[in-house]
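When we follow my numbering, the leftmost residue of the sequence shown carries the number 29, and every step to the right adds one.
Down below is the structure, laid out as structure tokens.
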Amino acid sequence: MKTVELFKFMVGAKSQTPDDGGLLDFIQNYLDDFEAIRVDVEGVKNLFLYKKFAEGDHLCFAGHVDVVPAGEGWDSDPYIATERDGYIYGRGTQDMKSGIATFVQAIKDTKHFNGTLSVLLTSDEEGEGTHGTIEVLNYLKEKNMLPDFAVVAEPTCEKTFGDAIKVGRRGSINGYITLRGKQGHAAYPEKSINPINLIAPRLANMAGIDLDNGDEFFAPSKFVITDIRAGMQVTNVTPNELNIMFNVRNTTLTSQKEISEFVAKNLRGLDYDLRLTQGAYPFRTNTDTKLVKNIDTSIEQITGKKPKHSTAGGTSDARHMAPLGIGVIEFGVINDTIHAVNERTTKYEVEKLYEVFKNLIDTWK
């Protein structure tokens, strides 16, 4: 297959989380000269393929075949790759079947490499992710097979293809506050303790506040309130308690400890509970590593652009790799329609992404 043909075929597979749409079996057969390891857990399908060409580094290409639901309002079938107005439309075109198709084809076309090449694919990145990439990495760690470097082909470019790679990601901390008052009749506010009145003057010092100043690579950690609710949806009863949900996309400068102290300072004197959970931890790959230098060179050779090094955006499966000592970056097509109706990318980006990955493989030293 040609790269674009392979890409369109993959878009046509309905692989909504955790269904792989048959893609993992297809890719395993497509790269039939690679050794295959399946790590399927709790209905989630995971595939690791590897081939040792020579002594040297182990370079892994990783990604997810699953996509979010298509939703309503598409101008064409979201599971048929449709060319229109210079774009290729379909669910997963940006996130991230373009990335998978290009590195699979680049590896398929590789005859020589200075080390080991591998592919790590999951069908559970858009969901909870608890039985996806992390399960494969745990298996590889037990077998002493972890890669030295990894490229996660998530969409990373901002305005033009080649303008940005991810060298890290912020963490993600979720918070849940329960503020207690005393329920009462709205006509007798003096007989109750309204938690809405308690929190109202304090919100200005919490909502949208930066918890640190950030640094060269990370934007500041911001306290983002996502939900506030209280009461029984009636007008004559003041609520007994109020619940707040918030999220902090945290840098390496802010942890759960600093968040707890921030909440305690702002809710001093009030009766409340705080619960924190962390779905991802912040990480950054050293920009002086071989991987960053090599991908920068390949992008510049193919596109003429020197990519900026970014940590913006949400989370990805790269968050599971960095703590294991794997040097990891992300690079893919422009990210401007992921998860949206009429998600699309261009044939140019798909072809150029293939060239970047092939150049990275061919010139690896």
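Note that CB positions come from ideal geometry on N, CA and C, so glycine has one too.
Since I believe T144 is in contact with F246 (beta carbons under 8 Å), could you give me their beta-carbon distance rounded to a whole number of angstroms? Along the sequence shown, one-based indexing puts residue 246 at 218. Along the sequence shown, one-based indexing puts residue 144 at 116. The Cβ separation is near 32 Å, so there is no contact.
Could you give the first and the last residue of the continuous beta strand (DSSP E) run that contains A368? Start at 1 with the first residue of the sequence shown, and residue 368 comes out as number 340. Note, A368: premise wrong, no beta strand (DSSP E); not H, not E.
Near D191, which residues of its chain fall below 8 Å by C-beta distance, leaving aside the five closest residues on each side in sequence? Translated into the one-based positions of the sequence shown, residue 191 becomes position 163. Contacts found: C185, K333, P335 and K336.
Helix, strand or coil at I296 [DSSP, three-state]: Counting from one through the sequence shown, the residue named residue 296 turns up at place 268. The displayed chain sequence assigns Arg, not Ile, to residue 296. R296: coil per DSSP, three-state reduction.
Quick check: the region 108-120 against the region 62-78, are there 3 or more CB pairs under 8 Å? no
With the cut-off set at 7 Å, would you say V396 and H367 are in Cβ contact? Residue 396 lies beyond the range of the chain shown here (29 to 393); nothing can be said about it.
Unbroken alpha helix (DSSP H) run spanning A346, endpoints: Against the sequence shown, residue 346 aligns to sequence position 318. Element bounds for A346: A346 to M349.
T315 and G355 look like a contact to me (Cβ under 8 Å); what is the Cβ gap, rounded to whole Å? Mapped onto the sequence shown, residue 315 falls at position 287. Mapped onto the sequence shown, residue 355 falls at position 327. Not really, about 11 Å apart at Cβ, beyond 8 Å.
Segment limits, beta strand (DSSP E) that includes F274: One-based indexing of the sequence shown puts residue 274 at position 246. Segment E269 to V276, the beta strand (DSSP E) holding F274.
Roughly how many angstroms lie between the CA atoms of E153 and F89, to the nearest whole one? Against the sequence shown, residue 153 aligns to sequence position 125. Against the sequence shown, residue 89 aligns to sequence position 61. In a straight line, the C-alpha of E153 is about 15 Å away from that of F89.
Do you know how far the Cα of K250 is from the Cα of D48? Within the sequence shown, numbered from 1, the residue matching residue 48 stands at position 20. Within the sequence shown, numbered from 1, the residue matching residue 250 stands at position 222. Roughly 35 Å separates the two Cα atoms.
Only counting the same chain, and skipping five residues up and downstream in sequence, which positions put a Cβ closer than 8 Å to that of A215? As a first step, residue 215 is located in the sequence shown; it is residue number 187 there, counting from the start. Within the same chain, A215 has close Cβ partners N264.
What three-state label does DSSP hand G157 in the structure shown? Along the sequence shown, read from residue 1 onward, the residue named residue 157 stands at position 129. Coil at G157, not helix or strand.
Buried or exposed (CB count within 10 angstroms, at least 16 for buried), Q122: Counting from one through the sequence shown, the residue named residue 122 turns up at place 94. With 16 or more other Cβ atoms within 10 Å, it is buried.
Is N225 helix, strand or coil when you go by DSSP? Numbered from 1 along the sequence shown, position 197 holds the residue referred to as residue 225. Here N225 sits in helix by DSSP.
What residue does the beta strand (DSSP E) around Y309 start on, and which one ends it? Reading the sequence shown from its first residue, position 281 is the one you call residue 309. Careful: Y309 lies outside any beta strand (DSSP E) and carries neither H nor E.
Please confirm whether V164 and L148 have their CB atoms less than 7 Å apart. The sequence position of residue 164 within the sequence shown is 136, counting from 1. The sequence position of residue 148 within the sequence shown is 120, counting from 1. Taking 7 Å as the Cβ cut-off, V164 and L148 qualify as a contacting pair.
Count the other C-beta atoms from every protein chain shown that fall within 10 angstroms of the C-beta of P229, then say buried if there are 16 or more, exposed otherwise. Position 201 of the sequence shown, counting from 1, holds the residue named residue 229. So P229 counts as exposed.
Within the same chain, show all residues whose beta-carbon is closer than 6 Å to that of I99, passing over the 5 residues directly before and after it, in chain order. Position 71 of the sequence shown holds residue 99. The amino acid at residue 99 is misidentified as Ile; the sequence shows Gly. Counting only Cβ-Cβ distances below 6 Å, and skipping sequence neighbours, we find V369.
How would you write the range of the alpha helix (DSSP H) that N322 sits in, first residue to last? Within the sequence shown, residue 322 is the residue found at index 294, counting from 1. Unbroken alpha helix (DSSP H) run through N322: K318 to T331.
Contacting residues, own chain, Cβ-Cβ under 6 Å from V384 (five flanking each side not counted): In the sequence shown, the residue the question calls residue 384 occupies position 356. For V384, where only same-chain residues beyond five positions count, the Cβ hits under 6 Å are S326, I327 and I330.
CB T313 to CB V195, shorter than 7 Å? Position 285 of the sequence shown, counted from the start, is the residue given in the question as residue 313. Position 167 of the sequence shown, counted from the start, is the residue given in the question as residue 195. Yes. Within cutoff.
Using the C-alpha atoms, what's the distance from I201 back to G120? Here residue 120 refers to the residue found at position 92 when the sequence shown is read from its first residue. Here residue 201 refers to the residue found at position 173 when the sequence shown is read from its first residue. Taking the straight line from one Cα to the other gives about 27 Å.
Taking the continuous alpha helix (DSSP H) assigned at E33, which residues delimit it? Locating residue 33 in the sequence shown gives position 5, where the first residue counts as 1. E33 -> alpha helix (DSSP H) spans T31 to V39.
Leaving out five residues on either side along the sequence, give the residues of the same chain with a beta carbon under 8 Å from the beta carbon of R378. Counting from 1 along the sequence shown, the entry for residue 378 is found at position 350. Residue identity differs from the one stated: residue 378 is Val in this sequence, not Arg. The answer, listed in chain order, is T31, V32, F35, I116, S126, A129, T130 and V361.
Give the C-beta separation of V291 and L302 to the nearest angstrom, bearing in mind that I take them to be a contact with Cβ-Cβ under 8 Å. In the sequence shown, residue 291 corresponds to position 263, counting from 1. In the sequence shown, residue 302 corresponds to position 274, counting from 1. Indeed they touch by this definition, with Cβ atoms about 5 Å apart.
Helix, strand or coil at F290 according to DSSP, with G and I counted as helix: To locate residue 290, count along the sequence shown from 1; it is residue 262. In the structure shown, F290 sits in a helix (DSSP, three-state: H, G or I).
Could you have a look at T339 and say whether DSSP puts it in helix, strand or coil? Taking the first residue of the sequence shown as 1, we reach residue 339 at position 311. DSSP places T339 in coil when its eight states are reduced to three.
To the nearest angstrom, how far is the alpha carbon of K139 from that of E63? Taking the first residue of the sequence shown as position 1, residue 139 is located at position 111. Taking the first residue of the sequence shown as position 1, residue 63 is located at position 35. Computed Cα separation, rounded: 15 Å.
Are N275 and T254 closer than 7 Å when you measure CB to CB? What you label residue 275 is simply residue 247 of the sequence shown in a count that begins at 1. What you label residue 254 is simply residue 226 of the sequence shown in a count that begins at 1. It is a contact, given that the beta carbons lie within the stated cut-off.
Do A346 and E358 have their C-beta atoms within less than 7 Å of each other? In the sequence shown, the residue the question calls residue 346 occupies position 318. In the sequence shown, the residue the question calls residue 358 occupies position 330. Result yes, Cβ atoms of A346 and E358 sit closer than 7 Å.
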